[in-house]
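Residue numbers (the numbering used here), protein chains in the order written: chain A, 1 to 304; chain B, 1 to 327. By construction, the Cβ of each residue, glycine as well, lies at the ideal position given by its N, Cα and C atoms. The model shown is predicted, which means the values in this text are computed figures rather than measured ones. First up is the structure itself, then whatever we jot down about it.
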Amino acid sequence: MIQHLIDGVLVGAIYALGAIGLTMVMHMLRFANFSHAELLSVGAYVALVFDKLFSSLAPVLAVKIGPLSMTVALALAMLVAMALTAASAVLIDRLVFRRIRQRGDMLSMVFASFGVALILRNVIGLVFGLGTTLYSQDIAFAMMLSLDPLILVRPDQIAVLGVALILMLVLHLVLSRTVFGYALRAVAENASLAQVNGINLGRIVMAVWIIGGALAAAAGVFYGLTNQITPMIGRDLLMPVFAATIVGGIGSVYGAALGGFLVGLAANLALVVLPSGYSPSVPFLIILTVLFLRPNGLFGEARL
Amino acid sequence: MIGVISYLVFFATVASILAIAVLGLNLQWGNAGLFNGGIAAFFGAGAYGTLILGTTPQTAHIGGFGWPFAFALMGGMAIAAALAWIVGRLTLRLRHDYLAIATFGVAVAFENVMRNATTLSGGAQGVRGFARPLQAQIGAGLFYNTLYLTLVVALLLATYLCLERLLRSPFGRLVRAIREDEDAAQSLGKSPSKVRLTAFIAGSVIMGLAGGLYGGFYAFVSPQDVLPILTFQIWAMLIVGGAGNNRGAVMGAFLIWGAWTASGWALSKFAPVEAQLYAGSIQYILIGSVIVGMLLWRPQGLFPEQLLVSHSGQNIKTNEPTKGKRT
Chain A
1 MIQHLIDGVL VGAIYALGAI GLTMVMHMLR FANFSHAELL SVGAYVALVF DKLFSSLAPV
61 LAVKIGPLSM TVALALAMLV AMALTAASAV LIDRLVFRRI RQRGDMLSMV FASFGVALIL
121 RNVIGLVFGL GTTLYSQDIA FAMMLSLDPL ILVRPDQIAV LGVALILMLV LHLVLSRTVF
181 GYALRAVAEN ASLAQVNGIN LGRIVMAVWI IGGALAAAAG VFYGLTNQIT PMIGRDLLMP
241 VFAATIVGGI GSVYGAALGG FLVGLAANLA LVVLPSGYSP SVPFLIILTV LFLRPNGLFG
301 EARL
Chain B
1 MIGVISYLVF FATVASILAI AVLGLNLQWG NAGLFNGGIA AFFGAGAYGT LILGTTPQTA
61 HIGGFGWPFA FALMGGMAIA AALAWIVGRL TLRLRHDYLA IATFGVAVAF ENVMRNATTL
121 SGGAQGVRGF ARPLQAQIGA GLFYNTLYLT LVVALLLATY LCLERLLRSP FGRLVRAIRE
181 DEDAAQSLGK SPSKVRLTAF IAGSVIMGLA GGLYGGFYAF VSPQDVLPIL TFQIWAMLIV
241 GGAGNNRGAV MGAFLIWGAW TASGWALSKF APVEAQLYAG SIQYILIGSV IVGMLLWRPQ
301 GLFPEQLLVS HSGQNIKTNE PTKGKRT
């Protein structure tokens with residue numbers, strides 16, 4: 001039980017990072033982006049490539065940080081992955097979403113995101129193979145927190161939680177303390193009024209994709225670190241990330257962060273009562289329950 | 001020669017079955033503007049429902065009710081309707097995005113439950129032991145398949161004619177009116193959420209019919225038949241054909257299914273052996289590219305919607321674009 005709680009919080013941090021970006025995009029551009037979770041896969045694989053590159057160029061980087069299975073090379077690769085995934089999110093917007101958006105066809109955007117997701121996932125499968133990979137072949141030893149009941153925590157998981165919380169804190173400071181943050185919130189409140197006040201809408205949209213892409217890449221690397229890397233990461237995490245977004249209320253960054261943890265906890269606690277084969281259905285049940293009880297989520301504004 | 005003909009019969013049967021599902025989607029999306037991201041679930045509900053109700057007694061899973069095919073098919077459609085009612089009730093009063101996410105979730109959960117609930121669905125083994133209708137009397141073979149094709153085409157035609165009638169009826173006008181301007185329709189005393197729910201359920205029932213025919217044709221259904229790719233394929237058919245146009249929807253189904261089977265055949269014949277594993281990925285990329293490409297360059301599809309202007313009992317067709325359609 002306690003083990004499930006701990007695992008739930010740790011995986012919840014990953015869902016939260018994915019959901020923050022998704023909720024910002026959904027709120028700003030007003031469409032459900034089914035390709036967002038594929039950005040997690042993109043991030044995980046970009047980091048894989050640069051991890052190998054850095055380790056072979058400078059073997060000195062391939063040392064582990066403390067008790068973690070994460071190396072210095074992987075930490076650097078993660079930064080590169082965040083930047084490149086953010087860039088690809090902006091590029092996809094330029095190539096596909098912006099053009100459909102300009103036509104004013106909002107529901108076609110959802111459909112286009114289906115197509116983009118199919119392309120991204122299968123191009124990754126084609127380039128990197130359909131099998132699973134790991135960043136490190138070494139077994140990361142779990143720390144025993146208690147013997148009875150048996151509770152195991154891997155140092156990686158704690159590091160992931162810590163870095164995720166730091167990323168969220170940084171985002172919070174940016175949103176609440178900088179001029180850019182004010183501009184972003186102004187656009188979210190009322191795009192046309194914000195434009196009248198001289199805010200460049202195109203730039204804000206780009207910034208939202210950059211933030212969303214970078215956080216998704218971090219989430220993808222963390223997921224790869226604590227589970228494994230497959231081209232199916234996007235497919236498997238799509239529903240949990242959507243569930244987190246809906247629990248938090250579409251448009252609320254803090255709601256998405258909390259929603260991620262709640263969905264992670266709920267999905268892991270469901271394992272107590274449900275056979276594990278059913279776990280892919282749990283996010284769907286969460287979505288239906290939230291839509292029934294509180295259609296706008298915990299922090300969402302009413303938007304019918 | 002016989003081989004070619006029997007292949008064409010086989011191809012036409014599957015394409016016609018999928019065309020029925022595309023017609024169902026066209027009612028939901030093309031006319032009511034409802035985004036259904038979980039076609040595979042409603043198709044699957046029809047397929048599983050029909051086979052479970054129609055099978056001979058089974059040991060591996062429930063079933064063995066031995067219903068005649070026509071009744072089993074109707075049972076499958078009723079199950080698809082029930083599923084659509086539950087999802088629709090919860091989400092249709094909300095924004096479109098929620099419907100897209102919820103229906104996508106239905107499909108994920110449906111496949112997941114069918115794969116795991118062995119007592120209900122036979123699990124990964126699928127539902128077996130279904131006797132194809134009249135096969136005992138006629139025997140398998142080309143004649144039987146041609147007969148089944150005739151049944152499927154007749155039902156496709158019936159669905160098409162029903163929908164054409166429905167869309168010219170006051171209900172069809174209402175559905176499109178709500179799609180274009182919900183507030184205006186509401187101010188005239190109509191209930192948009194009720195009409196949307198009706199359209200959503202009707203479309204899902206048609207998808208259930210397609211699923212039941214599919215299950216009956218193969219006499220077998222497994223979780224492999226309700227993967228999300230089915231949803232994408234049917235969407236691609238509608239987008240290529242032209243949303244809002246029933247004739248386009250049917251044409252789109254044949255075009256995309258033709259392209260899909262042709263690409264599968266070409267890849268299995270010409271791709272090197274070590275690349276065969278990736279043939280599926282290449283086909284998925286093709287479907288994704290068709291979807292994105294059509295939306296970018298020809299969003300109205302190959303056969304654009306013909307606007308129906310209903311006026312004093314007369315239907316006049318025009319091709320003028322509407323203002324602010326689906327914004």
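In the three-state reduction of the DSSP assignment, I204/A falls in the helix class.
Here I250/A is not near M28/A, since their CB atoms are 8 angstroms or more apart.
Under the DSSP assignment, I285/B falls in the alpha helix (DSSP H) whose first and last residues are A279 to W297. Take Q28/B, set aside five residues on each side of it, and the residues of its chain with a beta-carbon closer than 7 angstroms to its own are L34, N36, A199, F200 and G203, in chain order. Cα atoms of D105/A and Q300/B: separation of roughly 11 angstroms, rounded to the nearest angstrom. Of the candidates I20/A, L10/A and F111/A, the residue whose Cα lies closest to the Cα of G213/A is I20/A. The three-state secondary structure of K64/A, taken from DSSP, is strand. Look at H61/B: its C-beta is not under 8 angstroms from any C-beta on chain A. The beta-carbon separation of I234/B and F114/A, rounded to 11 angstroms, does not stay under the 8 angstroms limit for a contact. Here F10/B has N145 as same chain residues with Cβ atoms under 8 angstroms from its own Cβ, once five neighbours each way along the sequence are excluded.
Look at L161/A here: in three-state DSSP terms it is helix. Under the Cβ distance rule, V110/A counts among the residues neighbouring chain B, one pair being separated by less than 8 angstroms.
Annotation: the continuous alpha helix (DSSP H) that includes V9/A extends over I2 to L29. Around the C-beta of M1/A, fewer than 16 other C-beta atoms lie within 10 Å, and the residue is accordingly described as exposed. Per DSSP, reduced to three states, the secondary structure at T133/A is strand. DSSP, reduced to helix, strand and coil, places L92/B outside both helices and strands of the structure shown, so it counts as coil. DSSP lists no bridge partner for T55/B.
In chain order, L90 make up the part of chain B whose C-beta sits under 7 angstroms from the C-beta of F292/A. Here L22/A is buried, its C-beta having at least 16 other C-beta atoms within 10 Å. Per DSSP, the continuous alpha helix (DSSP H) segment holding F270/B begins and ends at N246 to F270. When the Cα atoms are used, A279/B and G129/A turn out to be separated by approximately 12 angstroms.
Chain A places no beta carbon closer than 8 angstroms to that of S191/B, leaving this residue out of the contacts. L286/B sits buried, since 16 or more C-beta atoms from the chains shown fall within 10 Å of its C-beta. Straight-line spacing of the CA atoms in I210/A and V170/A works out to 14 angstroms.
Each of M114/B, S121/B and V87/B was checked against the Cα of G105/B, and the nearest Cα belongs to V87/B. In chain order, N116 make up the part of chain B whose C-beta sits under 8 angstroms from the C-beta of P275/A. In the three-state reduction of the DSSP assignment, T230/A falls in the coil class.
At a cut-off of 8 angstroms between beta carbons, A37/A makes no contact with chain B.
Contact residues of the stretch 203-224 of chain A toward chain B are absent (C-beta to C-beta distance below 9 angstroms). Taking all protein chains shown into account, A70/B has fewer than 16 neighbouring C-beta atoms within 10 Å of its C-beta and is therefore exposed.
Excluding sequence positions up to five before and after L166/B, its CB lies within less than 6 angstroms of the CB of G172, all in the same chain and listed in chain order.
Here N197/A is exposed, its C-beta having fewer than 16 other C-beta atoms within 10 Å. CA-to-CA, the gap between L262/A and N245/B works out to about 44 angstroms. By the C-beta density criterion, P275/A is exposed, having fewer than 16 other C-beta atoms within 10 angstroms.
Beta-bridge annotation (DSSP): V221/B is paired with V127/B. When rounded, the separation of the alpha-carbon atoms in W265/B and Q283/B is 11 angstroms.
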